[in-house]
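Q: Before we start, here is the structure in question, set down as structure tokens.
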Amino acid sequence: AAGARCGAARASALSAVRLRALPRRAAVCLAAKPKKPAKAGGFGAKPATPTGPTAKELLAQATKVYEALDAMTSTDDAQTPVTQWSITVRADGVPELSDWVPIALLALHCAGVSEPSALVPGALAAARREVLEAGGQVVPKLRTAPRQNLEFAYEPLHSFSKHVCDGLSTIGTAREDARRTLGVEAGASAADLKRAHRKLVMELHPDRFVGDEAGAAAAIDRMRAVSEAYEQLGGGRGGRAGGGA
């Protein structure tokens, strides 16, 4: 997760950003660096040696900053004006990044700022190296992806959690319910699913409930649930289940 702490001095006073590579927690501290005078070059001059910490080192060093900022957070937004954002990236020509992939979390600690969303682009730009390093840990192909093809996006973390994380949780619960309906264990193969489905279809066939209206009605409802469960687990063909339960 990344966090920027801003005082009344606005976005230009951005002094700290914390970043977490998914799923690891890490942070990064950014500070304004004084410009160094240009060195004279010429024939035979040695190439300039990069100075300062690497992106990986920044992520490692930032853990302390993350802990300090995290201790400031509160569940009461009125007491701690904190907003968190999910950072995603995509890149043309890279199959692993053909769609938006979440690579980091950004948290802004800003006092006296009514629209913290206006600060997100600046915070993201300031921590670009760290975001790319975090993303490289999640999707290694990001390290070699052409930089001109990269697109970044962000959305409030609560929205991301609701539509993505909660969605994944719902899918997991639905699959568990589907396995229970079919009477199969987690990891059951496509063949196991077909056998379980076929057995239930035979047990719930209408011919078995001739003269039993209540039983026939219950069988219809259960057959509907069996069909939905079978489809949820891939219909014995793979699909969402990847070939099994």
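Numbering-wise (this note's numbering), the sequence shown opens with residue 309 and increments by one. Cβ coordinates follow ideal geometry from the N, Cα and C atoms, glycine included. If you're wondering where the values come from, they're calculated on a predicted model, not measured in any experiment.
1. What does the Cβ neighbour count give for Gly-542, buried or exposed, with the cut at 16 atoms within 10 Å?
2. Tell me, which residues are paired with Ala-412 by DSSP?
3. Please classify Pro-454: does DSSP put it in a helix, a strand, or coil?
4. On the DSSP letters alone, give me the boundaries of the alpha helix (DSSP H) that Arg-506 sits inside.
5. Label Glu-484 either buried or exposed according to how many other C-beta atoms from any shown protein chain fall within 10 Å of its C-beta, with 16 as the threshold for buried.
6. By the three-class DSSP mapping on this structure, what secondary structure does Glu-459 have?
7. Looking only at its chain, what residues have a beta carbon closer than 7 Å to the beta carbon of Arg-451, apart from the 5 residues adjacent to it on each side?
8. For the alpha helix (DSSP H) holding Pro-429, just list the boundary residues, first then last.
9. Whether or not the segment 494-502 and the segment 453-463 are in contact is what I'm after, with contact meaning three or more pairs of Cβ atoms, one per stretch, closer than 8 Å; do they touch?
10. Going straight from the alpha carbon of Ala-566 to that of Glu-539, what length do you get?
11. Between the C-alpha atoms of Thr-481 and Glu-521, what's the straight-line distance to the nearest angstrom?
12. By a C-beta neighbour count over all protein chains shown, 10 Å radius and 16 as the cutoff for buried, is Glu-438 buried or exposed?
13. So Ile-395 and Leu-414 are in contact, right, with Cβ under 8 Å, and what is the actual spacing, rounded?
14. May I ask you to report which of helix, strand or coil DSSP gives Glu-539?
15. Short of 6 Å in beta carbon distance, which residues of its chain neighbour Val-402, apart from the five on each side in sequence? Order them along the chain.
16. Any idea what DSSP makes of Pro-361, helix, strand or coil?
17. Does the segment 486-494 come close enough to the segment 504-512 to have 3 or more Cβ pairs within less than 8 Å?
18. Whose C-alpha, out of Gly-523, Leu-508, Arg-516, is nearest the C-alpha of Ala-537?
19. Mind checking Ala-526: buried by the 16 CB within 10 Å criterion, or exposed?
20. Mapping DSSP to helix, strand and coil, what is Ala-368?
A: Reading off the structure:
1. As a working mapping, residue 542 is identified with position 234 in the sequence shown. The residue is buried, with at least 16 neighbouring Cβ atoms inside 10 Å.
2. Here residue 412 refers to the residue found at position 104 when the sequence shown is read from its first residue. Beta-bridge pairing links Ala-412 to Ile-395.
3. Mapped onto the sequence shown, residue 454 falls at position 146. DSSP places Pro-454 in coil when its eight states are reduced to three.
4. Sequence index remark: in the sequence shown, residue 506 carries index 198 (1-based). Per DSSP, Arg-506 belongs to the alpha helix (DSSP H) from 498-511.
5. As a first step, residue 484 must be located in the sequence shown, where it is residue number 176. Per the 10 Å Cβ criterion, exposed.
6. Residue numbering aside, residue 459 sits at position 151 when the sequence shown is read from its first letter. If DSSP states are grouped into helix, strand and coil, Glu-459 belongs with the strands.
7. Taking the sequence shown and counting its residues from 1, the one referred to as residue 451 is at position 143. Gly-444, listed in sequence order.
8. Translated into positions along the sequence shown, residue 429 becomes position 121. Where Pro-429 is concerned, the enclosing alpha helix (DSSP H) stretches over 428-434.
9. no
10. Shown here, the chain extends from 309 to 553; a query on residue 566 therefore has no answer.
11. Numbered from its first residue, the sequence shown carries residue 481 at position 173. Numbered from its first residue, the sequence shown carries residue 521 at position 213. Approximately 32 Å, taken between the alpha carbons.
12. Counted from its first residue, the sequence shown places residue 438 at position 130. With 16 or more Cβ atoms within 10 Å of its Cβ, Glu-438 is classed as buried.
13. Residue numbering aside, residue 395 sits at position 87 when the sequence shown is read from its first letter. Residue numbering aside, residue 414 sits at position 106 when the sequence shown is read from its first letter. Indeed, because the Cβ distance is near 5 Å, the residues count as touching under 8 Å.
14. Your numbering for residue 539 matches position 231 in the sequence shown. Correct three-state label for Glu-539: helix.
15. For the purposes of this step, residue 402 is identified with residue 94 of the sequence shown, where counting begins at 1. Excluding positions up to five away in sequence, the list reads Lys-449, Ala-453.
16. Indexing the sequence shown from 1 puts residue 361 at position 53. In the structure shown, Pro-361 sits in coil (DSSP, three-state: anything other than H, G, I, E or B).
17. yes
18. Taking the sequence shown and counting its residues from 1, one reaches residue 537 at position 229. Nearest C-alpha to Ala-537: Leu-508.
19. What you label residue 526 is simply residue 218 of the sequence shown in a count that begins at 1. With fewer than 16 Cβ atoms within 10 Å of its Cβ, Ala-526 is classed as exposed.
20. Taking the sequence shown and counting its residues from 1, the one referred to as residue 368 is at position 60. Here Ala-368 sits in helix by DSSP.
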